[in-house]
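Those sequence lines, one after another, are chains R and W. Letter 310 of the first sequence, counting from 1, is numbered 310 in this note's numbering, and no numbers are missing. So this note's numbering is basically just the index in the second sequence, starting at one, shifted up by 1000. Notes to accompany the following structure.
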Amino acid sequence: MSTALGPDGAATATHPPVDAAAAGSARPDPRRRPRRSKHRPVWEERPTALGTGAKVIVLALIVLAVVYPLYTVIITSLSTTAAVTQAGGLVTVPTEVTTAAYRQILAGGIVTRATLVSIGITAVGTLLSTTVSILCAYGLSRPTSFGHRPILFVLLITMFFGAGMIPTYLLVSNLGLIDTYWSLILPGAVSAFNVLLLRNFFMGIDPGITDAARIDGAGEWRVLGQIVLPMSKAVTAVVALFYGVGYWNAFFNAMLYINDNAKWPLQLVLRSYVLQGVTLPGSGVGQVDVATGAVTGLPVKMAVMVLAIIPVLVVYPFVQRHFTKGVIFGAIKG
Amino acid sequence: MTTRTVPTDVTDHAEPVDRSGPGGAGPAPTGPPRPRRRSVWTRIKRDRSLLLMTVPVIVLLGVFAYVPMLGNVIAWQDYSPYVGILDSPFVGWWNFERVFTNPLFWDAVRNTLVITAFQLVFFFPIPIALALLLNSVITPAIRTTIQSVVYLPHFFSWVLVVTIFQQLLGGAGQLHRILEGAGFSGFDIMTNPDTFLLLITAQSVWKDAGWGIIIFLAALSTVDPALYEASVMDGANRWRRMWHITLPALRPVIILLLILRLGDALTVGFEQLILQRGAVGAGVAEVLDTFVYYQGVINGDWSFAAAAGLVKGIVSLILVLGANKIAHVFGEAGVYKRA
């Protein structure tokens, strides 16, 4: 038995002592030299206890300022009306968890429809914007190509001078796009900034690689699809995120162009029924309990807010790691 | 899948390789006679795929950015939607006269500039301070975690941010309840015009100050650590190092952002303000963009609103070009490079 277990057993048995010995020899006497972070450069002086304490407190407060509102909104959305009444408003300590609010707003009706509208607009818009931006950026990325300078200029002008709200509204109106979903996608479909972001990245790709493909007979479409794009996943993800977040979060264009509230996107529903407190027909949002004065619809309101945050929270971690130096230019605009 | 371009096309596209020097492979310099300047038509034919790729963006911008620029002619018309843009009568500079003699317009200008100035003082330095603070956190895991957290609110919509503030700090909000419990009452920051500047700046800080540090952190990451080490050898303490190494490294970025902010001086959080104009009133929340919206879309005075919008657009353009010029004079790179 013991011989059959031999190697494994031996390994697990002997490992910790060996480790400890190695560590011991590397650090002769831990008590004499206080622990030093391996990340701290040798020349930097040790932080004072006071300084470190102050820093920890400030950073903790900053993180709390971001996290706490989200926490209390999410907890409230999962609370019962009774818990909200007891807390007198937003709930901080969860007592009873229920998904009643979510079931209520997702059972059909205006919030459900608005969520679907927002998802549709975001999906179609992001796909369209990202695609045309990539194409244009690649089309402008070769410094010797014909006509790229004037086209670039056409793009740049839109960054410095906007036509203004009124003429844009009149155009959308004259094109017959009022009360259509296209009015929420087309007018802002291209951000010159994102095109330039992509173009900068494409121009940084070693021309030797793309030229090799061309010599092997690949056309520009193929070079873009099979060589450039696979090398540009990170910047594409970031640009798609910028566009996607833009479509998801937009509310003013809908306020301008969509009069029919059956076509409202989620942000506009959030504004009317949660921020402005208009009663949402048949769903309890915004209703006030006459007897206690408490807002009974608060969990439902908070559930609408959570719905508006969820896509951002879901996508963010995947894209966030790409906010590196390569896309740092993005910060200027944001 | 097997669309192979003809060989001549390939050599044309491999131009950069040709220019790599006389030592390049093939019969480069004295090869077959090739015209130095190709005709326009040949170049268009050569780059047709690339040109084709830019078409969708050109069409979209052409329709939705450039046509409206032309649409600004209604600022010189007495436009009526029922008559149309082609048949509305021209009225010269009448609309601009009305704009410049309208006290509400000047109120909007004043509010806009006050908000810009206030945020320049109380918002602008915060990301810099935050970046310095975060840069001093040396454990990578902690630093990236905090970064992820503080970037996040940038991706929330203004509706959401304003709603969060309302729910936490508003009349029925959490803070209000706590203050009431402590004996203060009648305090509602969401509807108080006197504290409106503070409110919107706090909202902007909550939403965007975290995101603002990204560019400063990038600038800080390019600083050569040897500079710090050498200055320590020369006896510089941490404050002197910050003053003489860190802040100079940030200077170009700070100036760049100041230019951009100056160019945007007349644009202050339109979505943020239009959401709250109703609650605090037009007296403090009416800025140029909301003025244009209410005069045009709500009141239907299209030509007047277009004139106001055009004034704003042109002044903004002058501001950003001027700020850039100033930056060049002081030897900074600016937003765009000198041609």
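Glycine is no exception: its CB is placed at the ideal position from the N, C-alpha and C atoms.
- The Cβ atoms of R/A163 and W/M1069 lie closer than 8 Å to each other.
- Fewer than three pairs of CB atoms, one per stretch, sit closer than 8 Å, so the region 1144 to 1161 of chain W makes no contact with the region 221 to 237 of chain R.
- Using a Cβ-Cβ cut-off of 8 Å, R/V239 does not count as an interface residue toward chain W, since no Cβ of chain W sits closer than that to its own.
- Between the region 1304 to 1316 of chain W and the region 1257 to 1267 of chain W, the count of Cβ pairs shorter than 8 Å is three or higher; the stretches touch.
- Under the three-state reduction of DSSP, W/Q1077 is assigned to strand.
- Between W/I1058 and R/V154, the C-beta spacing is below 8 Å.
- Identification of chain W residues near R/L90 by a Cβ-Cβ cut-off of 8 Å yields Q1167, L1168, G1173 and Q1174, ordered along the chain.
- The beta carbon of R/I74 lies closer than 7 Å to those of V306 in the same chain, with the five residues before and after it left out.
- A contact is defined here as three or more CB-CB pairs under 8 Å, and the region 106 to 120 of chain R fails this definition with respect to the region 167 to 178 of chain R.
- For R/L184, there are no C-beta contacts with chain W under 9 Å, since the nearest C-beta of that chain is about 12 Å from it.
- For R/T52, the closest C-alpha among the options W/S1136, W/V1055, W/S1303 and W/L1120 is that of W/S1136.
- Contact annotation, R/S145 with W/L1050: C-beta distance approximately 5 Å; criterion of less than 8 Å satisfied.
- For W/F1090, DSSP records a beta bridge to W/Q1077.
- The way I'd put it, the region 184 to 200 of chain R does touch the region 243 to 253 of chain R; three or more beta-carbon pairs between them come closer than 8 Å.
- R/P299 places its beta carbon less than 8 Å from that of R/S79.
- For W/V1287, the secondary structure class from DSSP, reduced to helix, strand or coil, is coil.
- DSSP, read as helix, strand or coil, puts R/E96 in coil.
- For R/I205, the closest Cβ of chain W is not nearer than 8 Å.
- Residue-level contact check: R/A163 touches chain W, since one or more beta carbons of chain W fall below 8 Å from its beta carbon.
- Of the candidates W/V1329, W/D1107, W/V1311 and W/W1239, the residue whose Cα lies closest to the Cα of R/P47 is W/W1239.
- At least one CB atom of chain W sits nearer than 8 Å to the CB of R/H39.
- If the five residues before and after W/W1093 are omitted, its C-beta is found closer than 8 Å to the C-beta atoms of W1076, all from its own chain and listed in chain order.
- Look at W/W1302 here: in three-state DSSP terms it is helix.
- R/L268 and R/M255 do touch by the CB rule: their CB atoms are close to 6 Å apart, below 8 Å.
- Using a C-beta cut-off of 8 Å, the region 199 to 211 of chain R makes no contact with the region 1097 to 1108 of chain W, since fewer than three inter-stretch Cβ pairs fall below that distance.
- The C-alpha of R/V274 lies about 9 Å from the C-alpha of W/V1159.
- Spatial neighbours of W/V1253 in its own chain (CB-CB distance under 7 Å, excluding positions within 5 residues in sequence) are listed in chain order as I1215, F1216 and A1219.
- By alpha-carbon distance to W/D1208, the top candidate from R/L90, R/A83 and R/I62 is R/I62.
- Short of 8 Å from the beta carbon of W/Y1079, and not among the five residues preceding or following it, lie these beta carbons of its own chain, in chain order: I1085, S1088, W1302, S1303 and A1306.
- Interface criterion not met: the Cβ of R/N200 is under 8 Å from no Cβ in chain W.
- What W/W1206 touches in chain R, judged by beta-carbon distance under 9 Å, is A65, V66 and P69, going in chain order.
- R/V91 is positioned such that its CB atom lies closer than 8 Å to that of R/T76.
- Taking CB atoms only, R/A123 has no neighbour in chain W less than 8 Å away.
- Residue R/Y138 holds the alpha-carbon nearest to the alpha-carbon of W/M1053 among R/Y138, R/A54, R/T210 and R/I258.
- Secondary structure of R/I105 (DSSP, three-state): helix.
- Between W/T1201 and W/Q1276, the C-beta spacing is not below 8 Å.
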